[in-house]
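K.L.:
Numbering (this note's numbering), first residue to last: 44 to 149.
Just so you know, even glycine gets a beta-carbon here, dropped at the ideal spot from N, CA and C.
Dropping the structure in here first, questions after.
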């Protein structure tokens, strides 16, 4: 599977942004950090409307796909970091409210 240059750049930047966000989330602090209490990376269940299929993905893989799909290759790296933070926050909030679990089981 070959990636064109723009996609490779976007994917690389997205992965750097995700790594940065992950580091910031795990930074030591006085607050309880639920991610430190997990033995493995959280999995999320998503409903793919085009295929009418339910799939499970690691959270970081899902966030990387969201960031790559929402951004343009020439945007600054800070924009990628901000998008990763927003995507993770939105996703976790959506999951906490049960998302579309009642409708699609995901």
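Starting from the N-terminal side, write out each stretch of the alpha helix (DSSP H) that is 4 residues or longer and does not extend beyond the region 80-127.
P.N.:
Whole alpha helix (DSSP H) segments, 4+ residues: 102-113.
K.L.:
Please report how far the alpha carbon of residue 116 lies from the alpha carbon of residue 54, in whole angstroms.
P.N.:
Roughly 9 Å separates the two Cα atoms.
K.L.:
Alpha carbon to alpha carbon, what distance is there between residue 86 and residue 100?
P.N.:
Rounded to whole angstroms, residue 100 to residue 86 spans 5 Å at the Cα level.
K.L.:
Can you tell which of 94, 139, 133, 82 has its C-alpha closest to the C-alpha of residue 106?
P.N.:
Comparing Cα positions, the closest option is 133.
K.L.:
Does DSSP put residue 140 in a helix, a strand or coil?
P.N.:
Coil.
K.L.:
Mind checking residue 120: buried by the 16 CB within 10 Å criterion, or exposed?
P.N.:
Exposed, because fewer than 16 other Cβ atoms sit within 10 Å of the Cβ of residue 120.
K.L.:
Quick one, which of 83, 89, 130 has its alpha-carbon nearest residue 57's?
P.N.:
Here the closest residue by C-alpha is 130.
K.L.:
Could you work out which residue in 59, 90, 135 is closest to residue 124 when comparing CA atoms only?
P.N.:
That would be 59, whose Cα lies nearest to the Cα of residue 124.
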